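Residue numbers (the numbering used here), protein chains in the order written: chain A, 557 to 930; chain B, 557 to 930. Virtual Cβ for every residue (Gly too), placed ideally from N, Cα, C. Values in this document were obtained by computation on a predicted structure and should not be read as measured data.
Protein chains: 2
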Amino acid sequence: MTRFAFTIEASDGAARTGRITMQRGEIRTPAFMPVGTAATVKAMYPEAVAATGADIILGNTYHLMLRPGAERVAALGGLHKFMNWPGPILTDSGGYQVMSLAKLRKITEEGVAFQSHLDGEKHLLSPESSMEIQRLLDADIVMAFDECTPYPAAQEDARASMELSMRWAMRSRDAFDAGGEHAARAALFGIQQGGIYADLRAESAEKLIDIGFDGYAIGGLAVGEGQAEMLRALEFSVPVLPADAPRYLMGVGKPDDLVEAVLRGIDMFDCVLPTRSGRTGQAFTWDGPLNMKNARHKDDPAPIDAECRCPACASYSRAYIRHLLKAGEIFGAMLMTAHNLTFYQDLMQAMRDAIGAGRLTAFADDFLARYRRR
Amino acid sequence: MTRFAFTIEASDGAARTGRITMQRGEIRTPAFMPVGTAATVKAMYPEAVAATGADIILGNTYHLMLRPGAERVAALGGLHKFMNWPGPILTDSGGYQVMSLAKLRKITEEGVAFQSHLDGEKHLLSPESSMEIQRLLDADIVMAFDECTPYPAAQEDARASMELSMRWAMRSRDAFDAGGEHAARAALFGIQQGGIYADLRAESAEKLIDIGFDGYAIGGLAVGEGQAEMLRALEFSVPVLPADAPRYLMGVGKPDDLVEAVLRGIDMFDCVLPTRSGRTGQAFTWDGPLNMKNARHKDDPAPIDAECRCPACASYSRAYIRHLLKAGEIFGAMLMTAHNLTFYQDLMQAMRDAIGAGRLTAFADDFLARYRRR
Chain A
557 MTRFAFTIEA
567 SDGAARTGRI
577 TMQRGEIRTP
587 AFMPVGTAAT
597 VKAMYPEAVA
607 ATGADIILGN
617 TYHLMLRPGA
627 ERVAALGGLH
637 KFMNWPGPIL
647 TDSGGYQVMS
657 LAKLRKITEE
667 GVAFQSHLDG
677 EKHLLSPESS
687 MEIQRLLDAD
697 IVMAFDECTP
707 YPAAQEDARA
717 SMELSMRWAM
727 RSRDAFDAGG
737 EHAARAALFG
747 IQQGGIYADL
757 RAESAEKLID
767 IGFDGYAIGG
777 LAVGEGQAEM
787 LRALEFSVPV
797 LPADAPRYLM
807 GVGKPDDLVE
817 AVLRGIDMFD
827 CVLPTRSGRT
837 GQAFTWDGPL
847 NMKNARHKDD
857 PAPIDAECRC
867 PACASYSRAY
877 IRHLLKAGEI
887 FGAMLMTAHN
897 LTFYQDLMQA
907 MRDAIGAGRL
917 TAFADDFLAR
927 YRRR
Chain B
557 MTRFAFTIEA
567 SDGAARTGRI
577 TMQRGEIRTP
587 AFMPVGTAAT
597 VKAMYPEAVA
607 ATGADIILGN
617 TYHLMLRPGA
627 ERVAALGGLH
637 KFMNWPGPIL
647 TDSGGYQVMS
657 LAKLRKITEE
667 GVAFQSHLDG
677 EKHLLSPESS
687 MEIQRLLDAD
697 IVMAFDECTP
707 YPAAQEDARA
717 SMELSMRWAM
727 RSRDAFDAGG
737 EHAARAALFG
747 IQQGGIYADL
757 RAESAEKLID
767 IGFDGYAIGG
777 LAVGEGQAEM
787 LRALEFSVPV
797 LPADAPRYLM
807 GVGKPDDLVE
817 AVLRGIDMFD
827 CVLPTRSGRT
837 GQAFTWDGPL
847 NMKNARHKDD
857 PAPIDAECRC
867 PACASYSRAY
877 IRHLLKAGEI
887 FGAMLMTAHN
897 LTFYQDLMQA
907 MRDAIGAGRL
917 TAFADDFLAR
927 YRRR
């Protein structure tokens, strides 16, 4: 069976559509990966996640290593069996979360020593331990261990951080390749760093290409620089990456971010936004986001979006969903999450179709004008 | 179409099995009604509630009158459309919740004046307003407005409370009957009170029968008296109720309570236990309740119950469910609720089958021995 193949079926400007073929299934690109942090895409049955159109989900190494523990997941048959998701899973390396969540972090050449935000227990995340954890989880796509360069960062700091990540990328490659049977069926992605500096992004890409990866992620964006700056960084970060491998923009983003990034050649995304902001009341629609807790919805018999195929829009009014959210009902989180994940997948499908038809620019213009009108 | 018919298909001692026929569907008895307090059976899609085997659910008048408001629900097409439950719904009268949740209550002959526990706004619940609210919600089974006699209560206090409830029962009957088109398709149940006093229970039953109701509920039990005292009260409370009408034991109960009460002639139940305690980690099984947060489950690949047909037992390990509960994940509440509601419905089906086969006593002996063994 094919371990990993990326087939581009159509291009349109810098954008392309195609599929990644792996042993656990195909991933249509451009792809949005719902986030299943703690072995669950929050408030969703896995079957319902698949029904939205998701081909692959993301799991978080940092969370899973702390609870329930990678060895435990491995003993229980791996993450797919544990959480009942038979399709591909990408796990991040833990590098981002350890910097944003862990306590008493200490970064050395070896890795990141830290204390768990849950119980204060001491841990070390290194290229070797991250690869080991992702192997124990049985991830289909493994991410190299990196340091997410903070924003803002002076160029010399961004360079030092990028160079550390590139040394860690080499060690990740070696550790992954030593993973035996898992390495023979999983894929490894490298992560480009370099902040908002074009020469660092190019240098990082060159080092990653020298090492060789199945796919290339763009790290260190969507960390506070704003959409305009992120898009400017994509202009010089994407073209230096290999054209024949998937390009994954980590942690992005809002619907308009996705469209702008696909236009610039991105193939994969993940973001907590549709799930997290769904739980707190933000519904995404083709006419922009709606705050479903707003009092103007309280007598509205219309669904969130009359044309949406999701279970929330099929059977429930805005008035009902607002009621559930105001009352703090779990079912409100369930319906909002189902809606938002469906919207995200429908947006990805619309972009795949538009690229296939050679009309992505027109689609993007129409989408962005309508989405941003309100 | 039949407004309301109760058909007893088989009897076994005091127990009976049959069906209630109403315009929105049939209710197999003995029946357990999942509680959908705020227009949602918490953490469940309505289709999933139906898939557990529930024929009817309960809505809470007190909660719904305060949020989102009965007029609003009526304007949106009624409770069934609002919450997407097409089958029968029983609404309570608000009498119990106003005593347990509302602030600054004042009981008069007219009714109960109180302030909302949500926003402090002043309201009055009376037989007339309770019937009006339940009509606006479009309940299929409407409960008479009563005072739930506290426990313990001296006999003279229990008498005064019961007599007030009986005067309110008469006013409920009149107000319900004035409900026009709704009265022509809904049913009204009276509620027997009288605490733990046999003569008061008999007198209450007599007054209710004089007024005439479609079904008869036993109120004022499961309020702290304990199972033994409750069962003792059922011995004299049930036989004084009409044999040809459904008997509904309100707010009960644990699985063994259900079995003991069916043995004594009860046809209908409601309780938050399977939903509420599911969310906090208690799983019901034929071998008794399990605390799914317990550390002994953390490496257990077995489902909660290998023979259970629910979605949790079909695809998830005890280890996974414990992980979700410990992590506070919504999906943990979803799986636990689905399991517990399935267990409750399977228990009811097993009792209906046992009554039909004339072997309820043997079933109950076996069930109780196994359930209480651990």
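Neighbouring residues, chain A, relative to lysine 849 (chain B) (Cβ below 8 angstroms): Ordered by position in chain A, no residue passes the 8 angstroms Cβ test against lysine 849 (chain B), which lies about 13 angstroms from the chain.
Helix, strand or coil at histidine 679 (chain A) [DSSP, three-state]: strand
The segment 759-790 of chain A: positions lying closer than 9 angstroms to chain B by Cβ: Taken residue by residue, none of the segment 759-790 of chain A has a beta-carbon sitting less than 9 angstroms from a beta-carbon on chain B.
Residue-level contact to chain A via CB, asparagine 640 (chain B), 8 angstroms cutoff: yes
Glycine 751 (chain B) and alanine 700 (chain B) closer than 8 angstroms at C-beta: no
Interface flag, aspartate 902 (chain A) vs chain B, CB-CB below 8 angstroms: no
Backbone CA spacing between proline 508 (chain A) and aspartate 696 (chain A) [nearest angstrom]: Look at the range of chain A in this structure, 557 to 930, and you will see that residue 508 (chain A) is not part of it.
C-beta neighbour in chain A for phenylalanine 701 (chain B), strict 8 angstroms: At a cut-off of 8 angstroms between beta-carbon atoms, phenylalanine 701 (chain B) makes no contact with chain A.
Cutoff 8 angstroms: tyrosine 618 (chain B) Cβ touching any chain A Cβ: no
Simplified DSSP state of phenylalanine 769 (chain B), which is helix, strand or coil: coil
Reference serine 686 (chain B); option with closest CA among B:Ser649, B:Leu657 and B:Glu582: The shortest C-alpha separation from serine 686 (chain B) is found at B:Ser649.
Chain A residues whose Cβ lies nearer than 8 angstroms to that of tyrosine 872 (chain B): Simply Asn640.
Neighbourhood of isoleucine 564 (chain A) by C-beta, 6 angstroms cutoff - its chain only, sequence neighbours within 5 removed: Arg572 and Gly574
Proximal residues to valine 818 (chain A) (C-beta, below 6 angstroms), its chain only, five neighbours per side dropped: Apart from the 5 residues on each side of it in sequence, valine 818 (chain A) sits with its Cβ closer than 6 angstroms to the Cβ of Ala571, Pro586 and Met907 in its chain, given in chain order.
Proximity to glycine 888 (chain A) [Cα-Cα], best of A:Val591, A:Gly592 and A:Lys598: A:Lys598
Test item: CB-CB of aspartate 813 (chain A) and glutamine 783 (chain A) under 8 angstroms: For the 8 angstroms CB-CB criterion, aspartate 813 (chain A) and glutamine 783 (chain A) form a contact.
Residues near leucine 931 (chain A) in its chain [Cβ-Cβ closer than 7 angstroms; skip 5 each side]: This structure leaves residue 931 (chain A) out entirely; chain A is present only between 557 and 930.
Spatial neighbours of asparagine 896 (chain B) in its chain, beta-carbon cut-off 6 angstroms, leaving aside the 5 residues before and after: Pro830, Gly834 and Phe840
Those residues which DSSP pairs with cysteine 827 (chain A) across a bridge: A:Pro590
Nearest candidate by alpha-carbon position, reference proline 845 (chain B), set B:Glu677, B:Cys704, B:Met578 and B:Leu924: B:Leu924
Contacts of histidine 636 (chain B) in chain A (Cβ-Cβ under 7 angstroms): Chain A residues near histidine 636 (chain B): none, gap ~11 angstroms exceeds 7 angstroms.
8 angstroms Cβ cutoff met for leucine 805 (chain B) and leucine 764 (chain B): No.
Aspartate 855 (chain A): contacting residues in chain B (beta-carbon distance under 8 angstroms): Arg628, Ala631 and Leu632
Residue-level contact to chain B via CB, threonine 585 (chain A), 8 angstroms cutoff: Residue-level contact by beta carbon fails for threonine 585 (chain A) and chain B, as no gap is shorter than 8 angstroms.
Segments of 4+ residues assigned as alpha helix (DSSP H) that fall wholly inside the segment 635-665 of chain A: Listed in chain order, the alpha helix (DSSP H) runs fully inside the segment 635-665 of chain A are 635-639 and 651-657, counting runs of at least 4 residues.
DSSP three-state assignment for serine 873 (chain A), whether helix, strand or coil: coil
Where the beta strand (DSSP E) through glutamate 582 (chain A) begins and ends: 581-585
Glutamine 749 (chain B) in three-state terms, based on DSSP: coil
Distance, valine 605 (chain B) Cα to alanine 875 (chain A) Cα: 22 angstroms
Start-to-end residues for the beta strand (DSSP E) that takes in methionine 699 (chain B): 697-699
Proximal chain A residues relative to threonine 1014 (chain B), where beta-carbon distance stays under 7 angstroms: Because chain B is modelled from 557 through 930, residue 1014 (chain B) falls outside the range shown and cannot be assessed.
Distance between beta carbons of arginine 580 (chain A) and proline 644 (chain A), contact taken as under 8 angstroms: About 5 angstroms separates the two Cβ atoms, so the contact holds.
Contact check, glycine 775 (chain B) vs alanine 801 (chain B), beta carbons under 8 angstroms: no
Interface residues of chain A facing arginine 542 (chain B) [CB-CB closer than 8 angstroms]: No answer is possible for residue 542 (chain B): it lies beyond the span of chain B, which begins at 557 and ends at 930.
Minimum Cβ-Cβ distance from alanine 862 (chain A) to chain B less than 8 angstroms: no
Residues of the segment 707-725 of chain B with Cβ closer than 7 angstroms to any Cβ of chain A, in chain order: none
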